[in-house]
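Following: one structure in structure tokens, then a few remarks.
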Amino acid sequence: MKLIAAGLAGLLGLAITVTHADAAELRLAHFMSPMHHMQKRMMEPLAEKLAAETDGEVTLRIFPSGELSKSAAAQWKTALTGVADITFGLQGYTSETFPRTMFVVAPGLFHSSTEATKALWENIDALAPDYERAKLLAAWAAEPAIIMTKTVPVETMDDMKGLKIRTADQVGAAIVQAMGGTPVPLPASEMYTALDTGVIDGIMSDASTIASFKLHEVANYFTVGLPSSTSAYFMVMNKDSFGNLNEEQQAKLDALTGQELSMTASKSYADEAAHGLQMVREAGKTIIEVQPAVLEDFHAKSDIVVQSMLQAAEAAGIDGETILEGLRGSVSATQ
Numbered sequence: 009m010k011l012i013a014a015g016l017a018g019l020l021g022l023a024i025t026v027t028h029a030d031a032a033e034l035r036l037a038h039f040m041s042p043m044h045h046m047q048k049r050m051m052e053p054l055a056e057k058l059a060a061e062t063d064g065e066v067t068l069r070i071f072p073s074g075e076l077s078k079s080a081a082a083q084w085k086t087a088l089t090g091v092a093d094i095t096f097g098l099q100g101y102t103s104e105t106f107p108r109t110m111f112v113v114a115p116g117l118f119h120s121s122t123e124a125t126k127a128l129w130e131n132i133d134a135l136a137p138d139y140e141r142a143k144l145l146a147a148w149a150a151e152p153a154i155i156m157t158k159t160v161p162v163e164t165m166d167d168m169k170g171l172k173i174r175t176a177d178q179v180g181a182a183i184v185q186a187m188g189g190t191p192v193p194l195p196a197s198e199m200y201t202a203l204d205t206g207v208i209d210g211i212m213s214d215a216s217t218i219a220s221f222k223l224h225e226v227a228n229y230f231t232v233g234l235p236s237s238t239s240a241y242f243m244v245m246n247k248d249s250f251g252n253l254n255e256e257q258q259a260k261l262d263a264l265t266g267q268e269l270s271m272t273a274s275k276s277y278a279d280e281a282a283h284g285l286q287m288v289r290e291a292g293k294t295i296i297e298v299q300p301a302v303l304e305d306f307h308a309k310s311d312i313v314v315q316s317m318l319q320a321a322e323a324a325g326i327d328g329e330t331i332l333e334g335l336r337g338s339v340s341a342t343q
């Protein structure tokens, strides 16, 4: 009887262990404020849906404001090393890690965040090697960048000469250089203070950052309508963390992520950009619409940037031409 009781206890113990192993709390880290639109419109809804779909077996705990990793540029590494199970970041902060995806942010390619994100997913197989060390949950783009300045209105390319302009990635830096400005790489969290104190003269970023970082308070001129570069974003998961989920949990997470989640994110960036420009109008600041002649000048300069990107890709053994053609083909198919 004692042996039977001991055996039963062992089986019960095993069942408890299995049940415990099948439950998981995933740590989702990001460097933005807990009030950032990505947490409110993407991360928190994802957490609610995942908990509901798995009957509470898999939950997401969100760590905002750099609680697990303060550096915006370190979010990819934070996921790879398992400091967090899931992270949100920008490919452009470590452009060399995502040489294929950086073609998504090439100037003159897309007119909107949704257009760019659709093209990204239609060409995801060509971009996939950039993410092979992690589990890709989402990838998307923001609206094309605008130029925000404090004292010098930018109406032509000549107005950019000598200006110190904040950029987010190597592509943005190349565009600013081609326009005659001096690129200053800074994370988004430092834009407000840098412009306010004169460390920089302006900012190149999508208009969603106006609302997210209150840039309408420190910038006075907002140049819109340039077919500029965009910014690309990712949400990735540590491969071991994904592997620790059972097959059913993995399938449910897959169903909630991918292209659908990415489109949700891109729409949020579009909505936030529109909101940001409305804040500019309400603040009585100046919005400058670029003229056709300026567009021609910009296209000529941006073509130089694209050619430089293609040369760099070729040197790295990457077929940039095919990637670029695929992205352009996606745009043509929607027009």
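Just so we're aligned, residue 9 is where the sequence shown starts under this note's numbering, counting upward by one.
Virtual Cβ for every residue (Gly too), placed ideally from N, Cα, C.
All values derive from a computational prediction rather than experimental measurement.
Using a 10 Å radius around the Cβ and a threshold of 16 neighbouring Cβ atoms, would you call residue i buried or exposed?
| i | result |
| --- | --- |
| Lys48 | exposed |
| Glu151 | buried |
| Thr95 | buried |
| Arg69 | exposed |
| Arg289 | exposed |
| Ser213 | buried |
| Ile295 | exposed |
| Glu280 | buried |
| Thr89 | exposed |
| Gln315 | exposed |
| Met317 | buried |
| Gly337 | exposed |
| Asp167 | buried |
Quick one: what's got a C-beta closer than 7 Å to residue i's C-beta in the same chain, skipping five residues either side?
| i | result |
| --- | --- |
| Ser41 | Pro72 and Ser73 |
| Glu322 | Gly328 |
| Gly233 | Glu297 and Val298 |
| Leu16 | Confidence at Leu16 is low in this model, with a pLDDT of 41, below 50, so its placement is unreliable and the value that follows should be read with caution. No residues qualify anywhere along the chain. |
| Tyr139 | Val244 |
Name the DSSP bridge partner or partners of residue i?
| i | result |
| --- | --- |
| Ala32 | Val66 |
| Val192 | Arg174 |
| Glu123 | Answer is none; Glu123 lacks a bridge partner. |
| Thr294 | Tyr229 |
| Ile155 | Met212 and Thr231 |
In three-state DSSP terms, what is residue i?
| i | result |
| --- | --- |
| Glu140 | coil |
| Ser73 | coil |
| Gly284 | helix |
| Leu145 | strand |
| Phe250 | helix |
| Lys310 | Contrary to the premise, residue 310 reads as Ser rather than Lys in this sequence. Ser310: helix per DSSP, three-state reduction. |
| Ile331 | helix |
| Lys150 | It is Ala, not Lys, that sits at residue 150 in the sequence shown. Ala150 falls in the coil class under three-state DSSP. |
| Ala37 | strand |
| Met43 | coil |
| Val160 | coil |
| Ser79 | coil |
| Ile132 | helix |
| Lys169 | coil |
At the 9 Å Cβ level, is residue i part of the contact set with chain B, yes or no?
| i | result |
| --- | --- |
| Glu56 | Going by chain labels, chain B is absent from the structure shown, which holds only one protein chain. |
What does a CB cutoff of less than 8 Å around residue i pick up in its chain, not counting 5 residues either side in sequence?
| i | result |
| --- | --- |
| Ile326 | Pro107 and Arg108 |
| Phe253 | In the sequence as presented, Phe is not what sits at residue 253; that position holds Leu. Contacts found: Ala32, Val66 and Leu261. |
Shorter than 8 Å, the distance from the beta carbon of residue i to the closest heavy atom of the ligand MG, or not?
| i | result |
| --- | --- |
| Ser316 | The ligand MG is not part of this structure, which contains no ligands at all. |
Problem set entry | Ordered list of alpha helix (DSSP H) runs contained in the region 83 to 114, each at least 4 residues | 83 to 88
For this session: Mind listing, in chain order, the continuous alpha helix (DSSP H) runs of no fewer than 4 residues lying wholly within the region 189 to 276?
Result: 199 to 205, 216 to 221, 247 to 251 and 255 to 264
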